[in-house]
């Protein structure tokens, strides 16, 4: 056989001895003693199109015989064997998108995967159409929404009339002027003057970074009755005076319980939330409460964060976990909010350069009791109101003692779409650090497939210098939930599913809660083994793996029950039981993070352990 030298646009003839391929000679199909030789020409491969068939590369003789050669082996074929059918290749049906009052809809249709053409199906036939043929007209506005927002406010309440709003469309549109339809909310000012003002007193207040990247703060509080005019008063400087802005808060009804010796008592209350974009790195003073009633919290000063801050700038944040404060003694608790207050005093008063507090869950002992939240947050209002808290749910906020949706009610963050009944997950960036806040309460304590996909996408697309993941249930711990064979099934499940993912995407630190211990691992690699530490001046330089950290409880619930459980000592660099109020301060500075693990009591605190990470590349 002579060598094939394909040339684009040419057909090259090939003479082959075909005794192994054919049993009759070309041009002598009737038999005889003619030599069994065919003269083949190569037919180049051609893609199928919507207008014509295509084919794989094959060889054709003048007699009509067809052959293919695969890995040096010849085989006789038919034309149908080598043909790739042409014509339109229709997709599965693309479902209808209904039109709205501000957006065209799209009819159900099909798309050709070859040419991109659009088609509708009429009976068994596909009919080609243009995009314009698929569009459905926008719907008319329907003004039936009762949205209580300043955008729709017609008039404030007066002595004789309640506050009035205009009906709006679901898209947000409204009608102004004489054609507008209005509705009233609440009571007249005269009626509010006789109301019990104590029912409107703000409680359970928290401050959060709703959107850290854009310096948007979240303000959240509760009241015992339907709010009259819940607002945030906020202004620049050190005192509100007469120069401030009023921002209306949204509100929603919530249900909870109160402790009672004879059995829990069901209660209803209202949660108020407002989001306000502030100027970066600016002094503000604010108060929250009810404009019509005149019941407000005390004025509180804050300094807004700077979203332009980078990892090259020295800044700090604090980590706490498992404060688990109970209610007051009258409500069946033991007043452990004071223990959390000791940590808060150190974080807020003694180290004012902390930008926020990161809390890895279990705020209160029994989250279903709103009084536990109110007592703990109220007792520590002076500190909590001064510093944002970035929180995630622990089991005490969700599954423990029938709590539900409590973290979502008591804090305000910008979160991806999800069911918040058993906690929620989200991420934020600040100062060159990517913070990923996981929810370990889903699906029986394990990450749902949806959360796992979200997590992987967040890790894959991060651009920050540092990555810190936070989770309530631990992956590595010297406490009972990490080391007791009867308790650690979740721990092992998380290790199996996440340690490889964290190592692959070079997570630096994983902050954990749940076990009331102080511990730090060596860098853990994807295979679950610890790598050696190259330590210089107290810093682990370029760690080969992920460091898993537990900084102890920020309360004193364990009452001394903090024994370290048997564990694989090769994995841990530091381990200590702690029944005191513990916390950690993280100092981010350029190519390093320094960590100070501390404990506090009502009279002061001390440093338990110091370590750090440094990246030279």
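Residue numbers (the working numbering): -6 to 610. Beta carbons: idealized from backbone N, C-alpha and C, even for Gly.
Member of the options whose CA lies at the smallest distance from the CA of residue i
i           : options               : result
residue 605 : 542, 564, 228 and 494 : 542
residue 469 : 274, 598 and 506      : 506
residue 391 : 423, 358 and 378      : 358
residue 204 : 431, 221, 592 and 421 : 421
residue 487 : 456, 509, 457 and 519 : 519
residue 270 : 297, 360 and 118      : 297
residue 615 : 424, 603, 55 and 89   : Lying before the first or after the last residue shown, residue 615 is absent from the chain, which here runs from -6 to 610.
residue 304 : 460, 49 and 202       : 460
residue 444 : 535, 237 and 410      : 410
residue 360 : 335, 315 and 350      : 315
residue 81  : 185, 40, 491 and 590  : 40
residue 481 : 456, 46, 508 and 246  : 508
residue 99  : 236, 44 and 123       : 123
residue 67  : 94, 76, 78 and 33     : 33
residue 362 : 279, 253, 333 and 308 : 253
residue 538 : 547, 491, 51 and 545  : 491
residue 467 : 338, 590, 431 and 227 : 431
residue 340 : 317, 309 and 364      : 309
residue 400 : 355, 236, 195 and 442 : 355
residue 79  : 406, 113, 46 and 535  : 46
residue 52  : 36, 43, 42 and 44     : 36
residue 90  : 164, 127, 319 and 228 : 127
residue 614 : 426, 545, 31 and 534  : Since the first and last residues shown for the chain are -6 and 610, residue 614 lies out of range.
Where residue i falls, given that 16 or more other Cβ within 10 Å makes a residue buried
i           : result
residue 525 : exposed
residue 174 : exposed
residue 531 : exposed
residue 611 : Only positions -6 to 610 of the chain appear in the structure, and residue 611 is not among them; the question remains open.
residue 172 : exposed
residue 239 : exposed
residue 197 : buried
residue 23  : With a pLDDT of 43 at residue 23, under the threshold of 50, the predicted position of this residue should be treated as unreliable, and no value is reported.
residue 500 : buried
residue 598 : buried
residue 72  : exposed
residue 575 : buried
residue 378 : buried
residue 311 : buried
residue 433 : buried
residue 452 : buried
residue 281 : buried
residue 625 : The structure shown does not extend to residue 625, since the chain is modelled only from -6 through 610, so no value can be given for it.
residue 609 : exposed
residue 346 : exposed
residue 607 : buried
residue 199 : buried
residue 322 : Bear in mind that a pLDDT of 46 at residue 322, under 50, signals an unreliable position, so the number given afterwards is only what the model happens to contain. With fewer than 16 Cβ atoms within 10 Å of its Cβ, residue 322 is classed as exposed.
residue 135 : exposed
residue 84  : exposed
residue 284 : buried
residue 57  : exposed
CB-CB length for residue i against residue j, believed under 8 Å
i           : j           : result
residue 257 : residue 250 : 4 Å
residue 464 : residue 353 : 7 Å
residue 294 : residue 276 : 7 Å
residue 462 : residue 429 : 5 Å
residue 111 : residue 96  : Actually they are not in contact, since the Cβ atoms of residue 111 and residue 96 sit about 19 Å apart, beyond 8 Å.
residue 273 : residue 300 : 6 Å
residue 404 : residue 201 : 5 Å
Per DSSP, cross-strand counterpart(s) of residue i
i           : result
residue 611 : The structure shown has nothing for residue 611, since the chain only spans -6 to 610.
residue 112 : 103 and 121
residue 585 : 582 and 607
residue 260 : 249
residue 598 : 593
residue 210 : 202 and 269
residue 87  : 102
residue 283 : 223 and 288
residue 295 : 277
residue 77  : 47
Exercise for review: Could you tell me whether the segment 469 to 484 touches the segment 553 to 567, where touching means 3 or more Cβ pairs closer than 8 Å?
Suggested key: yes
Check your understanding: Is there contact between the segment 413 to 422 and the segment 364 to 374, where contact requires at least three CB pairs shorter than 8 Å?
Key -> no
Exercise for review: Check whether the segment 427 to 439 touches the segment 217 to 236, counting contact only when three or more Cβ pairs, one atom from each stretch, lie closer than 8 Å.
Suggested key: Cβ pair count under 8 Å is below three, so no.
Practice item. May I ask you to verify whether the segment 121 to 131 touches the segment 61 to 71, counting CB pairs closer than 8 Å and requiring at least 3? Key: no
Check your understanding: Do three or more CB pairs link the segment 563 to 572 to the segment 487 to 499 at distances below 8 Å?
Key -> no
Review point. Is it true that the segment 381 to 390 meets the segment 177 to 196, where meeting means three or more beta-carbon pairs spaced less than 8 Å apart?
Key: no
Practice item. Flag this pair as touching only if the segment 94 to 107 and the segment 137 to 145 have three or more C-beta atom pairs under 8 Å; answer yes or no. Key: no
Exercise for review: Assess, as a yes-or-no matter, whether the segment 185 to 194 is touched by the segment 207 to 222 under the definition of 3 or more beta carbon pairs within less than 8 Å.
Suggested key: yes
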